[in-house]
Amino acid sequence: MIERLHIVKQRFDEVSDLIIQPDIIADQKRYVKLNKEYKDLKTIVDKGEIYERLLNNINEAKEIIADGSDLEMVEMAQMELEEANEKLPGLEEEIKYMLIPKDPEDAKNVMMEIRAGTGGDEASIFAGDLYRMYSKFCSDKGWKTEVVDLNEGTSGGFKEIIFSVSGEDVYGDLKFEAGVHRVQRVPQTETQGRVHTSAATVMVLPEAEEFDVELDMKDVKIIRTTSTGPGGQSVNTTYSAIQLKHIPTGIEAKCQDEKSQHKNLEKAIKVLRSRLYEAELAKKQAEDAARRKSMVSSGDRSAKIRTYNYPQGRVTEHRIGLTLYDLGKIMDGDIHKIIEELKLAENAEKLKESGEVL
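Heads up: the sequence shown runs through residues 965 to 1322, numbered per the working numbering.
Shown next as structure tokens:
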């Protein structure tokens, strides 16, 4: 572990020198990337220094005890040794997790898509509930959300809603939310008081930069239409809505949220680029999952990942067998514990894969 910490320290020193170079500062994209790496490495380097100090304390204490000439010093050294040995396993565990290579996608912003599944109007209402849950979670994290496109349900909620989330390490947290979410409750339309099961699908697409996906606009068919649904006077009269179709893959994207056709085209291209990028990423995730039998982030969009049971006030995260009886707070955006537990499970898988023993 010391050897690996020294390698990290070496890279940290390199990055520290690079971020003060004028040519790096002038290249904003590279500067931002290196600055992010600097912060990530610094947390490991700081923890590594604490670890090395602790090991030095243990060695010094052992030397004093072995010498045995000063009884008072020996007694103090024994106490220090016990204290250091208690701290050591926890610190080693923490550093092991910190040394797991980060997924390069984790730092990206995302496009989130929530679609009502089985369950008719109740599924649309549930899709609306999920959107509110994620909006509040993102607000708690200090992230910015912006609606790209939506299709409202007939009794409330959404048949489909697409929104962007920007901030720090957004994909790293939200990637775990991709999959099928089920709700079990008595629908507002139900007169008999029977519990129904409905579902909504959540997709989390890491927002692709221009250098991530080469998108040739010659391969893209652009359809301009009038917007549909509620809105101002100009909504149904001007050709501001944009629909894009990527001819080689058949992947589509649309946006009608803005009054300006240019802005809608800009947003639709972002969605299309992210969908193309995510399609490649999903293949890679599926391969990785098959290799390490991962249930945490498998790239399988049809997997039922979570159930929200209203009669019992229960939320069950099926991938890791976690059940929380705190439905009200969770639907109010407090999904931090679920995400942290999923991160721990994924890190444990990565540790096993790299041959480390927990």
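For each residue, glycine too, the CB sits at the ideal point set by N, CA and C. Source: prediction; values computed, not measured.
- In the DSSP assignment, residue 1049 falls outside any beta strand (DSSP E) and lies within the alpha helix (DSSP H) extending over 1035-1062.
- Contact check for residue 1269 and residue 1160: beta-carbon distance about 19 Å, past the 8 Å limit, so the pair fails to qualify.
- DSSP lists 1187 and 1218 as the bridge partner or partners of residue 1207.
- Under the DSSP assignment, residue 1078 falls in the beta strand (DSSP E) whose first and last residues are 1074-1080.
- If you draw a straight line from the Cα of residue 1267 to the Cα of residue 1282, it comes to about 10 Å.
- Beta-bridge partners of residue 1179 (DSSP): none assigned.
- Contact between residue 1077 and residue 1022 does not hold, since the beta-carbon distance rounds to 52 Å and is not under 8 Å.
- Per DSSP, the unbroken beta strand (DSSP E) holding residue 1148 starts and ends at 1143-1149.
- Under a 10 Å Cβ-count criterion, residue 1226 is classified as exposed, with fewer than 16 other Cβ atoms of the shown protein chains found around its own Cβ.
- Annotated three-state conformation of residue 1170 is strand, per DSSP.
- Counting other Cβ atoms within 10 Å of its Cβ, residue 1272 reaches 16 or more and is therefore classed as buried.
- Contact between residue 1071 and residue 1000 holds, with the beta-carbon distance rounding to 6 Å and staying under 8 Å.
- The C-alpha of residue 1291 is placed about 6 Å away from the C-alpha of residue 1279.
- A direct Cα-to-Cα measurement between residue 1236 and residue 1215 gives close to 7 Å.
- Residue 1185 counts as exposed, since fewer than 16 other beta carbons sit within 10 angstroms of its beta carbon.
- DSSP places residue 1119 in no alpha helix (DSSP H); its state is neither H nor E.
- Contact between the stretch 999-1013 and the stretch 973-980 is present: three or more C-beta pairs spanning the two stretches fall below 8 Å.
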